[in-house]
Amino acid sequence: MDDSITIRPLREADAEAVVELYAKAAAVEPRLGPVTLPQWDQFLKLAQNRGGRDFRIAERNGLLVGLAESSLRDQGAHHSRFLKIVVAPERRRRRIGLALFDDVLAIDNDADIAVQTLVSSDWPAGMAFVAAFGFVHLESEIGMKCVEPLQPARTLAAARATIEQASDVTACAAEVARIHNTAYASDSAFRLYSPEEMAQVLTESEVWIASEDGQMSGFCLTEPERNSMWIESVAVDPARQGRGLGQLLVYRVLAAHDVSVEHPCWLNVSSRNAPALKIYRRLGFKPQHETCRFSAPRGELIAARERRFG
């Protein structure tokens, strides 16, 4: 690595330089960005990111040339560290990414902590990185798009359910957290949320609630944008699944937003979640791209790094 490169923690004043870095990276690898200042600020506010406390910056002569986004997630039975590295295209192949990787690996002490990262299947440099360090492919995130929602068949759940946008998101945070923690417990990217943490998440989202007999049965979190929308999360209480409620909930949200060719809806779903994939296809969603999720124990990554680079 260039001796003039220094690795340091992220600072609040780095925001504009981070946005500029993403713009450069996205020009070469479109899946990496770009991001806006408001999006970056919102990203740092996510509970798992803790204001970017474990993020690292690579700097050369006062200029930001690399970024490692790093967050430790409580997954209930264990913890996992999630990692993403972005290096300015003109500074690649100079071991800047490796230096950021080393610094992130040094944050934890437990050799068994899993380190996870996402790599687009059409990003050669990223795929070469995970192969070099022995990461194992866990699953893929399938990016899907809907431009013409298909109405689902009526079910008993449809007749009984009430679906509406939440007016007071803090009042429903505890139930949303409970359903999330139960429904997503086996998911590779699962993060355990307390009611307080979920309340913070909900203040940044549009929240739709499905209720039956006065009790919450499911939720859908969306992020409207000017010319499109994202479905960030959908979950139905496992005790109430299998009756068409999730499909109805998503359809009502799509209809409320007038989803069309001019105003499409996007979402990501795990390749291992066959029931959800089936539901989204029935609603008119079509796969657009694949992002691979890789994982490896921290201790094995350190050993692989020593073998390969000394």
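Here the sequence shown is numbered in this note's numbering, starting from 1322 and rising by one per residue.
Using N, Cα and C, we set each Cβ at its ideal position, and we do this for glycine too.
These figures come from a predicted structure and were not determined experimentally.
Grouping DSSP H, G and I as helix and E and B as strand, with all else coil, what is ASP1395? By 1-based counting over the sequence shown, the position of residue 1395 is 74. In this structure, DSSP gives ASP1395 an extended state, which the three-state scheme calls strand.
Given a cut-off of 7 Å, decide if ARG1614 and GLU1460 are closer than it, judged by their beta-carbon atoms. As a working note, residue 1460 is residue 139 in the sequence shown. As a working note, residue 1614 is residue 293 in the sequence shown. Yes, these two residues count as a Cβ contact at 7 Å.
Would you call the CB atoms of ILE1429 and ARG1626 closer than 7 Å? On the sequence shown, position 108 is the one that residue 1429 refers to. On the sequence shown, position 305 is the one that residue 1626 refers to. Position check: residue 1429 holds Asp in this sequence, whereas Ile was assumed. No, Cβ-Cβ distance for ASP1429 and ARG1626 is not below 7 Å.
Please report the distance separating the alpha-carbon of ALA1504 from that of ILE1326. Start at 1 with the first residue of the sequence shown, and residue 1504 comes out as number 183. Start at 1 with the first residue of the sequence shown, and residue 1326 comes out as number 5. Linking ALA1504 to ILE1326 through their CA atoms gives a straight-line distance of about 44 Å.
Does the stretch 1420-1434 come close enough to the stretch 1490-1507 that 3 or more CB-CB pairs lie under 8 Å? Touching, no.
Are the CB atoms of LEU1523 and VAL1490 nearer to each other than 7 Å? The residue given as residue 1523 occupies position 202 in the sequence shown. The residue given as residue 1490 occupies position 169 in the sequence shown. In contact: LEU1523 and VAL1490 (Cβ atoms closer than 7 Å).
Among the residues of its own chain, which have a CB less than 6 Å from the CB of GLU1469, if the five just before and after it don't count? Against the sequence shown, residue 1469 aligns to sequence position 148. Excluding residues up to 5 positions away in sequence, GLY1605 lie with their Cβ nearer than 6 Å to the Cβ of GLU1469 in the same chain.
Would you list the one or two residues that DSSP bridges to LYS1466? Indexing the sequence shown from 1 puts residue 1466 at position 145. Per DSSP, the beta bridge partners of LYS1466 are TRP1587, LYS1607.
So is the beta-carbon of VAL1408 under 6 Å away from any non-hydrogen atom of the ligand SAH? As for the ligand SAH, it is missing from this structure, which has no ligand bound.
Note down, one range per segment and in chain order, each beta strand (DSSP E) of at least 3 residues found wholly within the stretch 1376-1431. Those beta strand (DSSP E) runs which fall completely within the stretch 1376-1431 and span 3+ residues are 1377-1381, 1384-1395, 1400-1408.
Would you mind listing the beta strand (DSSP E) stretches within the stretch 1517-1585 that are 3+ residues and don't spill past its ends, in chain order? You should have 1527-1533, 1536-1545, 1550-1557.
Cβ of ILE1552 within 7 Å of Cβ of LEU1588? On the sequence shown, position 231 is the one that residue 1552 refers to. On the sequence shown, position 267 is the one that residue 1588 refers to. Closer than 7 Å, so yes.
Just verifying my parser: in three-state terms, what is the DSSP assignment at ALA1494? Here residue 1494 corresponds to residue number 173 of the sequence shown, with the count starting at 1. Three-state DSSP puts ALA1494 in a helix.
Per-residue DSSP class, three states only, for LEU1471: Here residue 1471 is taken as the residue at index 150 of the sequence shown, counted from 1. DSSP places LEU1471 in coil when its eight states are reduced to three.
Cα separation between MET1537 and HIS1399? Within the sequence shown, numbered from 1, the residue matching residue 1537 stands at position 216. Within the sequence shown, numbered from 1, the residue matching residue 1399 stands at position 78. The alpha-carbon atoms of MET1537 and HIS1399 are separated by roughly 28 Å.
Nearest to TYR1572 (by Cα), restricted to the options LEU1471, ARG1481, GLU1527: Stepping through the sequence shown from its first residue, residue 1572 is reached at position 251. If we check each option's Cα against that of TYR1572, LEU1471 comes out closest.
When the Cβ atoms of the stretch 1401-1409 are set against those of the stretch 1370-1390, are three or more pairs found closer than 8 Å? Output reads yes: the stretch 1370-1390 touches the stretch 1401-1409.
Straight-line gap, GLU1485 to SER1581 (C-alpha atoms, nearest Å): In the sequence shown, the residue the question calls residue 1485 occupies position 164. In the sequence shown, the residue the question calls residue 1581 occupies position 260. Taking the straight line from one Cα to the other gives about 21 Å.
Counted within 10 angstroms of its Cβ, other Cβ atoms place ASN1548 as buried (16 or more) or exposed: For the purposes of this step, residue 1548 is taken as the residue at position 227 of the sequence shown. Using a 10 angstroms sphere on the CB of ASN1548, the tally of other CB atoms stays under 16, which defines it as exposed.
Restricting to Cα atoms, I'd like to know which of GLU1390, HIS1578, ARG1414 is closest to VAL1528. Here the question's residue 1528 lines up with position 207 in the sequence shown. Nearest of GLU1390, HIS1578, ARG1414 to VAL1528, Cα basis: HIS1578.
Outcome for LEU1439 when other beta-carbon atoms lying within 10 angstroms are tallied against a minimum of 16: Counting from 1 along the sequence shown, the entry for residue 1439 is found at position 118. Its Cβ being crowded by 16 or more others within 10 Å, LEU1439 is buried.
Let's test the definition: count the other Cβ atoms within 10 Å of the Cβ of THR1612 and tell me whether it reaches 16, buried, or not, exposed. Looking up residue 1612 in the sequence shown gives position 291. Buried, because 16 or more other Cβ atoms sit within 10 Å of the Cβ of THR1612.
Under three-state DSSP, which class holds LEU1513? Along the sequence shown, one-based indexing puts residue 1513 at 192. Three-state result, LEU1513: coil.
Using three-state DSSP, classify LEU1459 as helix, strand or coil. Counting from one through the sequence shown, the residue named residue 1459 turns up at place 138. Strand.
For the putative contact between SER1616 and GLN1437, defined by C-beta atoms under 8 Å, what is the C-beta separation to the nearest angstrom? By one-based count along the sequence shown, residue 1616 stands at place 295. By one-based count along the sequence shown, residue 1437 stands at place 116. Contact between SER1616 and GLN1437 holds: CB atoms are separated by about 5 Å, below the 8 Å threshold.
With DSSP as the reference, identify every bridge partner of PRO1618, one or two as the case may be. On the sequence shown, position 297 is the one that residue 1618 refers to. The beta-bridge partner set that DSSP reports for PRO1618 consists of ALA1435.
Nearest residue (CA-CA) to LEU1575, options PRO1473, GLY1387, GLU1390, LEU1367: Taking the sequence shown and counting its residues from 1, one reaches residue 1575 at position 254. Looking at the Cα atoms, PRO1473 is the closest of the given residues.
How is the alpha helix (DSSP H) around ARG1481 delimited, first residue to last? Working through the sequence shown from its first residue, we reach residue 1481 at position 160. 1477-1481 is the span of the alpha helix (DSSP H), which, as asked, contains ARG1481.
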